[in-house]
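Data block below; observations after.
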Amino acid sequence: MFPFEIYSPVDTLEMPIFRQKRLRVHMKRDDMIHPFISGNKWRKLKYILQSAHDQGKTHLVTFGGAWSNHLLATACAAARFGFSSTAFVRGEAVSNANLSLCQLFGMELRFVDRTAYRDKATLFAHHFGESPTSYFVDEGGYSAEGARGCGELLDELPEQYDHIFCACGTGTTLAGLYRRKTEMRLRTRLHGVPVLKGGTFIQEAVHRLVPDLGTADITLHTDYHFGGYAKTKAPLLAYVSGFCRQTGILIEPVYTGKLCYAVADLAARDYFKAGDRILLIHTGGLMGILGTQ
Ligand SMILES: *Cc1c(COP(=O)(O)O)cnc(C)c1O
Numbered sequence: 000m001f002p003f004e005i006y007s008p009v010d011t012l013e014m015p016i017f018r019q020k021r022l023r024v025h026m027k028r029d030d031m032i033h034p035f036i037s038g039n040k041w042r043k044l045k046y047i048l049q050s051a052h053d054q055g056k057t058h059l060v061t062f063g064g065a066w067s068n069h070l071l072a073t074a075c076a077a078a079r080f081g082f083s084s085t086a087f088v089r090g091e092a093v094s095n096a097n098l099s100l101c102q103l104f105g106m107e108l109r110f111v112d113r114t115a116y117r118d119k120a121t122l123f124a125h126h127f128g129e130s131p132t133s134y135f136v137d138e139g140g141y142s143a144e145g146a147r148g149c150g151e152l153l154d155e156l157p158e159q160y161d162h163i164f165c166a167c168g169t170g171t172t173l174a175g176l177y178r179r180k181t182e183m184r185l186r187t188r189l190h191g192v193p194v195l196k197g198g199t200f201i202q203e204a205v206h207r208l209v210p211d212l213g214t215a216d217i218t219l220h221t222d223y224h225f226g227g228y229a230k231t232k233a234p235l236l237a238y239v240s241g242f243c244r245q246t247g248i249l250i251e252p253v254y255t256g257k258l259c260y261a262v263a264d265l266a267a268r269d270y271f272k273a274g275d276r277i278l279l280i281h282t283g284g285l286m287g288i289l290g291t292q
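If you count by numbering that gives the first Met the number 0, then the sequence shown holds residues 0 to 292, one letter each, in order.
Here it is in structure tokens:
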């Protein structure tokens with residue numbers, strides 16, 4: 000429906016801790032999919048756009064913080080595939096590089112205070128309830144359609160892995176991987192690294208997207224949030240810059256930095272068996288670097 004070629008190779012991560020523990024660690028480079036519709040964001044939008052199109056909708060309405068990768072991806076994808084777009088942005092009016100790019104792609108921004116922001120369905124109903132062409136896209140692309148697109152990543156893998164890890168914001172990516180893994184009957188163990196504090200909510204968030212599956216097969220590592228969403232601490236920042244310097248692969252501290260830190264820390268604690276094959280998903284989002292410097 001919406002032609003979009005995915006380029007996302009699998010790279011090998013050569014790092015001393017992995018060599019020392021005799022782990023084979025790889026990274027799925029979803030960050031290379033697109034500079035703005037990056038990482039898991041095209042995967043999530045694919046069936047969301049399709050569903051909007053099938054219902055005759057031409058205007059995407061979505062939600063996010065001022066540094067949201069989802070807003071930028073939605074703005075760019077909307078422009079590319081002939082939709083208009085509006086975003087409700089959490090908090091007081093600000094300007095930054097991310098929002099400027101959203102506007103360049105034609106997205107209309109409406110800032111709303113944190114209290115009003117909480118009730119997204121009401122915001123949508125109040126502003127666009129009468130508009131027959133407007134389509135509600137939840138924050139972060141959280142939806143069964145989004146999950147379905149994310150699951151397709153597994154069909155691109157060149158080999159099987161003992162463990163697959165992703166960072167979690169809304170849990171959509173993890174839910175999609177879980178659904179597809181179950182359909183494909185893979186023995187791979189799935190792991191999520193929540194980037195928000197109190198990450199056990201991801202269990203419930205995943206469950207709501209794949210209610211038929213249960214979540215016993217998913218492992219969440221909830222101690223790598225470093226204080227909460229977009230919060231950082233010196234060891235995380237040091238790890239991120241060391242990683243970039245050693246691999247030539249950019250990661251950022253909001254999502255993929257916490258993911259990579261978690262896997263390295265688990266390796267150091269002998270969480271894995273020698274010989275294990277591990278895949279980390281680079282979910283992109285490199286604009287986040289600008290927001291955390
Ligand atoms: C949006 C985003 C995520 C969060 O994915 P969920 O499917 O919401 O859990 C992870 N990593 C990056 C880089 C993102 O931009």
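Just so it is clear, CB atoms sit at the ideal spot from N, CA and C, and this is done for glycine as well.
Could you give the distance in angstroms between the alpha-carbon of arginine 89 and the alpha-carbon of alanine 273? Translated into positions along the sequence shown, residue 89 becomes position 90. Translated into positions along the sequence shown, residue 273 becomes position 274. Cα to Cα, the separation comes out at about 45 Å.
Could you check whether isoleucine 280 and isoleucine 201 sit closer than 8 Å to each other, using their CB atoms as the reference points? Mapped onto the sequence shown, residue 201 falls at position 202. Mapped onto the sequence shown, residue 280 falls at position 281. No; because the gap between Cβ atoms is not below 8 Å, this pair is not in contact.
Beta carbon of cysteine 167 nearer than 8 Å to that of glycine 198: Taking the first residue of the sequence shown as 1, we reach residue 167 at position 168. Taking the first residue of the sequence shown as 1, we reach residue 198 at position 199. Yes; because the gap between Cβ atoms is below 8 Å, this pair is in contact.
Secondary structure, beta strand (DSSP E): runs of 3+ residues fully inside the stretch 14-93: Qualifying beta strand (DSSP E) stretches, in chain order: 23-28, 58-63 and 83-89.
Cβ atoms of alanine 233 and isoleucine 16: under 8 Å apart, would you say? Mapped onto the sequence shown, residue 16 falls at position 17. Mapped onto the sequence shown, residue 233 falls at position 234. Between isoleucine 16 and alanine 233, the gap from beta carbon to beta carbon reaches 8 Å or more.
Cutting at 6 Å between CB atoms, please list the residues of its own chain near tyrosine 46, excluding the five before and the five after it. Looking up residue 46 in the sequence shown gives position 47. Closer than 6 Å at Cβ, skipping near neighbours: Glu144, Arg147 and Gly148.
Check whether the stretch 40-60 and the stretch 19-28 are in contact - that is, three or more C-beta pairs closer than 8 Å. These segments do not touch.
Note down the Cα distance separating threonine 187 from threonine 121, rounded to an integer number of angstroms. As a working note, residue 187 is residue 188 in the sequence shown. As a working note, residue 121 is residue 122 in the sequence shown. Using only the alpha carbons, I get a separation of about 40 Å.
Can you round the beta-carbon distance between glycine 105 and serine 83 to whole angstroms, since I take them to be within the 8 Å contact cut? Residue mapping note: residue 105 aligns to position 106 of the sequence shown, counting from 1. Residue mapping note: residue 83 aligns to position 84 of the sequence shown, counting from 1. A Cβ-Cβ separation of about 7 Å places glycine 105 in contact with serine 83 under the 8 Å criterion.
How about glycine 55 and glycine 284: do their beta carbons lie closer than 8 Å? In the sequence shown, counting from the first residue as 1, residue 55 sits at position 56. In the sequence shown, counting from the first residue as 1, residue 284 sits at position 285. Judged by their CB atoms, glycine 55 and glycine 284 are not nearer to each other than the 8 Å cut-off.
Give me, in chain order, the residues of the same chain whose beta-carbon lies closer than 7 Å to that of leucine 59; leave out the 5 immediate sequence neighbours on both sides. Counting from one through the sequence shown, the residue named residue 59 turns up at place 60. Within the same chain, and ignoring the five residues on either side of leucine 59 in sequence, the residues whose Cβ sits closer than 7 Å to its Cβ are Ala51, Thr73, Ala77, Phe82, Ser84, Tyr134 and Val136.
I want to check one thing, is the minimum distance from the CB of asparagine 68 to the heavy atoms of ligand 1 below 7 Å? On the sequence shown, position 69 is the one that residue 68 refers to. For asparagine 68, the CB falls within less than 7 Å of some heavy atom of ligand 1.
Below 8 Å between beta carbons: does that hold for alanine 174 and leucine 208? Here residue 174 is taken as the residue at index 175 of the sequence shown, counted from 1. Here residue 208 is taken as the residue at index 209 of the sequence shown, counted from 1. In contact: alanine 174 and leucine 208 (Cβ atoms closer than 8 Å).
Please go through the stretch 90-141 and give each complete beta strand (DSSP E) segment of 3 or more residues, from N-terminal end onward. Runs of the beta strand (DSSP E) inside the stretch 90-141: 107-111 and 133-135.
Measuring CA to CA, which of Val253, Leu249, Asp216 and Val262 is closest to aspartate 29? Sequence index remark: in the sequence shown, residue 29 carries index 30 (1-based). Relative to aspartate 29, the option among Val253, Leu249, Asp216 and Val262 whose CA is nearest is Leu249.
List the whole-angstrom C-beta distance separating lysine 27 from leucine 278, where the pair is believed to meet the contact cut-off of C-beta under 8 Å. Looking up residue 27 in the sequence shown gives position 28. Looking up residue 278 in the sequence shown gives position 279. So it is a contact: roughly 6 Å between Cβ atoms.
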